[in-house]
Structure formats: structure tokens, C-alpha cells
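J.: What follows is a single structure, and I will ask about it in a moment.
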Amino acid sequence: MQSVRGLLACTFVAIAVCRCIGAPSCSPDKLARYRVVVRTFWTRDRFPKHFPEWRPQAQWSKVVGRSHSRGYTMFREGTPASESVRMFAKTGRSDKLDDGGGEGLIGGNGGRAAEDMVLNTFVAPSVSTGAAWTQSQFFVDGNHSRVSLMSRMIPSPDWFIGIDSFDLCVNGNWLDSITIEADPIDAGCDNGFTFTAPNWPTDPQGIVYRIKSNYPSHPASSFYYPQFNRLPTIATFQFIKIKEYEQSLNGRGQASDPTVKIEESVIKVLNGDSDSDREVQLEMEQQRREQEYNNYKSIGDDKVLVSNNVTSSISIPKGNKEAMMNSILDNYHVQKHKKSHKKSRYRDCRLGAWSEWSACSVSCGIGEMQRRREVIKHPRGAGRQCPPLLQTKWCGSAKDCPPQTHFEW
Numbered sequence: 003m004q005s006v007r008g009l010l011a012c013t014f015v016a017i018a019v020c021r022c023i024g025a026p027s028c029s030p031d032k033l034a035r036y037r038v039v040v041r042t043f044w045t046r047d048r049f050p051k052h053f054p055e056w057r058p059q060a061q062w063s064k065v066v067g068r069s070h071s072r073g074y075t076m077f078r079e080g081t082p083a084s085e086s087v088r089m090f091a092k093t094g095r096s097d098k099l100d101d102g103g104g105e106g107l108i109g110g111n112g113g114r115a116a117e118d119m120v121l122n123t124f125v126a127p128s129v130s131t132g133a134a135w136t137q138s139q140f141f142v143d144g145n146h147s148r149v150s151l152m153s154r155m156i157p158s159p160d161w162f163i164g165i166d167s168f169d170l171c172v173n174g175n176w177l178d179s180i181t182i183e184a185d186p187i188d189a190g191c192d193n194g195f196t197f198t199a200p201n202w203p204t205d206p207q208g209i210v211y212r213i214k215s216n217y218p219s220h221p222a223s224s225f226y227y228p229q230f231n232r233l234p235t236i237a238t239f240q241f242i243k244i245k246e247y248e249q250s251l252n253g254r255g256q257a258s259d260p261t262v263k264i265e266e267s268v269i270k271v272l273n274g275d276s277d278s279d280r281e282v283q284l285e286m287e288q289q290r291r292e293q294e295y296n297n298y299k300s301i302g303d304d305k306v307l308v309s310n311n312v313t314s315s316i317s318i319p320k321g322n323k324e325a326m327m328n329s330i331l332d333n334y335h336v337q338k339h340k341k342s343h344k345k346s347r348y349r350d351c352r353l354g355a356w357s358e359w360s361a362c363s364v365s366c367g368i369g370e371m372q373r374r375r376e377v378i379k380h381p382r383g384a385g386r387q388c389p390p391l392l393q394t395k396w397c398g399s400a401k402d403c404p405p406q407t408h409f410e411w
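The opening position of the sequence shown corresponds to residue 3 in the numbering used here, with each subsequent residue numbered one higher.
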């Protein structure tokens, strides 16, 4: 595993170098639509220390994300978190993040500048267990090619997982697919060492930092595993390009063909063969086939026709990216509604009725009675997990036993 992570680190360095020496950027006249799949692996097997099983059990908040330009930052290691990030990391409330204020702008600009620097805001649903997955979709273009997102760990003082300003455009091309491993991050606004530590604000406020197996170097820390060189992966973020949309028309008056090729790209991380992983892959493969091409034609010099079939299309003024994104999403939701009869990707646990109570386990004295119930449907994806299947209660009484005799006849 260390060798894989070492390769990842080297690859990130290589990407960073090529971006810093003037590599070509992606065209601002093109939109790309991506799916992000967040998989989490917060389990007792991987993280046994202080693992929270109830009140509340290990789980994750919704994922809040932005596609944006170079000038915007949601959070950054080594710097203090903004008020909106602090609120989200401590409470899971995203009110200030949703407002899109200027706190996350490099250079301190606000107002209209924030709107210009953020192309798309997206949210993925929360998950009710420590190990599950969730997903969302978003748009990027040549001027807004970076993506940032975060999800709060529940319970925790101010810990989250996230990605800061990852650029999906490399050497003038959109990445087809990439998976990135994540570590827990501390927002620097609470001194708590454990998942369920009481509120203990950091004053003055600290900086955002990555939690490691030996940092914070306090034995009370819930992530203190000095026997590891690095913490096990707690989550991964997979970005999959769904399609590209051309806004400019070519010389023959037709829109350029969208790119629908899906390939594994620069960084590939495998995380076992769990049922949820296989299910996600099958679901995404099915959606890729359903979104197969035949999607983009021209109807004139100043209009672009966005179409998913011969009977469903809409005319959009050229250059109006917001209208274009809304049209694509509306059409996507219509198509999704038509397929509502298909198998849901989430399913809660379903149980049968309780059996009758068993007879008391002893004929005299204090014993126990039991009753059971069976699982009818096992949970799938981020569905609600099964509660206990066995109940026990006391029965009998010490007074029921006859007096003991010390004589044998």
C-alpha cells in the first residue's frame, strides 16, 4: 500500500509541475460534466480506537462542493478556515457556504467577484453509516476548471474530508477518470482530541491541517496510531467525465462532437471488492451506456441545439452557459424520471415480525427469555442498516426454587 501511495505522491508532483510551467488550459468555450462519487471507509476494522457506534454512530454529512476558478478557495491547509467552513466543520450547517460569500476568495474580494469565480455549486446526500457512498454531478469550463468539496465527520470536534482546488484540466484536456485518496482534516477551530469530545474552541483560531497517524501526537487522539506510517484510507473521491459540450460552432455551422469516451486516467486507486464498490461501478457503467452520444447539433449561427434524442431538444442562445447547464440538467432529470422503475441504488433494511417469546431458560431461579426476527431485505448502498435481531429479557425468581437439602436418602 505504501508503494501505491508513494506513486500517487509522485504523480501529483508531476501534475503540479506541468501546470506551473505554462501548460495549455482547456477551452473556455467548452463545458464538461462530471460525476463525483465519494466512498467512505470509516469502520471499526480500519479505525478501532474510540469507534462511535451510537449517539450518534459513525456517519457523514452531506457533501458541499464548488467548481471554480484559480482565484477561489473553499479551504486550504496551513491557513485559518473561513467562518463558513468553521461552521460546517463544527456543526454540519452549510448556511454561510450556501450563501456563497467572499470569505473564500484569494485576495479578499467579495460580492460579484465570488459569483464570477464559482461556476457551479453542487451537493451530494449525507450517508448514515461510516462506510458507504454518495454521488453528485457538476459542470466545469476552461475558466473554472478546479473543484473543491468537503464532508463533515459525525461525530467529531471539527473534522472533515475534502479536496482543495483540484484541477480537472491537464495539458489542455479534461481528465476522463481519476480517484483520489483522502485523509481526515482538522479545521483548526476546536481543541477536541476524540470523536465525542465536548466543545472546546481553539482561541486564537488555529490553521487547517491534515490529521496523521502520529499527529496530533497525543495518546488520547482518536486517530493516534503510532504503529502506522500513515492512516488507512478513510475515503476516496472519484471524478468521472460524463460528457463535453461545445459552445462554439465549427466552420460548417455544426457543433463539435462531444467527447463521450470514458477511460481510467492518471491516478488509479483500488479499494477492495466490496459489494458497494461493485454496485457503484455497475451503476455508473449503465449510465455511461445510457448517455451514449447522438447529443449535439447546430440549428444556426447564433443558436446551439442540445438534444438527447430526436424528439427532445431545446434552443439555447450561444454563449449562455447558465441556460445550457440548466437545460442539460433538466433533460437529465427527465430521463432519470423515465427510468424510475429501475432498481433503486439505495435500500433500507427490512425486517420481519418478532417471534413469540421463548420459554424461560430455567425452571426455577432467574433465567432469560428470547425472541428473534429475520432480515427480509438486506440494506444496499447508503440505506438504513439493520437493527438488532435478538431481544432478551429476564424471567423467573429466586423465590421459585425449593429449599436445598443437604441430605441424600
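Backbone N, C-alpha and C fix where the C-beta goes; we use that ideal spot for every residue, glycine too.
Going straight from the alpha carbon of residue 131 to that of residue 41, what length do you get?
T.: Using only the alpha carbons, I get a separation of about 11 Å.
J.: By the DSSP assignment, the alpha helix (DSSP H) with residue 91 in it spans what residues?
T.: Counting along the chain, the alpha helix (DSSP H) containing residue 91 begins and ends at 85-93.
J.: Please report how far the alpha carbon of residue 163 lies from the alpha carbon of residue 30, in whole angstroms.
T.: So the two alpha carbons sit approximately 30 Å from each other.
J.: Does the beta-carbon distance from residue 441 to residue 396 come in below 8 Å?
T.: Residue 441 cannot be examined here, being either before or after the span of the chain that is shown, 3 to 411.
J.: Can you check whether the CB of residue 69 is closer than 8 Å to the CB of residue 145?
T.: Not a contact, by the Cβ cut-off of 8 Å.
J.: Please report how far the alpha carbon of residue 56 lies from the alpha carbon of residue 175, in whole angstroms.
T.: Going by the C-alpha atoms only, they are around 46 Å apart.
J.: Along the chain, where does the beta strand (DSSP E) that runs through residue 373 open and close?
T.: Counting along the chain, the beta strand (DSSP E) containing residue 373 begins and ends at 367-374.
J.: Which value, in whole angstroms, describes the spacing of the CA atoms of residue 251 and residue 179?
T.: Because residue 251 carries a pLDDT of 45, less than 50, the predicted location of this residue cannot be relied on, and the following value inherits that uncertainty. About 27 Å.
J.: Measure the beta-carbon distance from residue 92 to residue 188 and round it to whole angstroms, keeping in mind my assumption that it falls under 8 Å.
T.: That belief does not hold up - the Cβ atoms of residue 92 and residue 188 are roughly 11 Å apart, past 8 Å.
J.: Go ahead and label residue 202 buried or exposed: buried means 16 or more other beta carbons lie within 10 angstroms of its beta carbon, across all protein chains shown.
T.: Answer is exposed; the Cβ neighbour count stays below 16.
J.: In angstroms, rounded to a whole number, what distance separates the CA positions of residue 96 and residue 168?
T.: The alpha-carbon atoms of residue 96 and residue 168 are separated by roughly 21 Å.
J.: Quick one: using the 10 Å Cβ neighbour count with 16 as the cut-off for buried, is residue 356 buried or exposed?
T.: When all chains shown are included, residue 356 counts as exposed.
J.: Restricting to Cα atoms, I'd like to know which of 134, 128, 398, 242 is closest to residue 415.
T.: One cannot answer for residue 415 here, as it falls past the ends of the chain, which runs 3 to 411.
J.: Residues in the same chain with beta-carbon distance under 7 Å from residue 156, minus the five sequence neighbours each way, listed in chain order, please.
T.: Here the set comprises 58, 61, 62, 63, 94.
J.: Let's see if you can read the secondary structure: which residues bound the beta strand (DSSP E) around residue 238?
T.: That run of the beta strand (DSSP E) goes 237-248.
J.: For residue 65 and residue 100, what's the separation of their Cα atoms in angstroms?
T.: Going by the C-alpha atoms only, they are around 12 Å apart.
J.: Could you tell me whether the Cβ of residue 100 comes closer than 8 Å to any Cβ of chain B?
T.: No chain B appears in the structure shown, which is made up of a single protein chain.
J.: Could you have a look at residue 205 and say whether DSSP puts it in helix, strand or coil?
T.: Note: residue 205 maps to coil in three-state DSSP.
J.: Assign residue 177 to one of two classes, buried (16 or more other C-beta atoms within 10 Å of its C-beta) or exposed (fewer than that).
T.: The residue in question, residue 177, is buried, as its Cβ has 16 or more Cβ neighbours within 10 Å.
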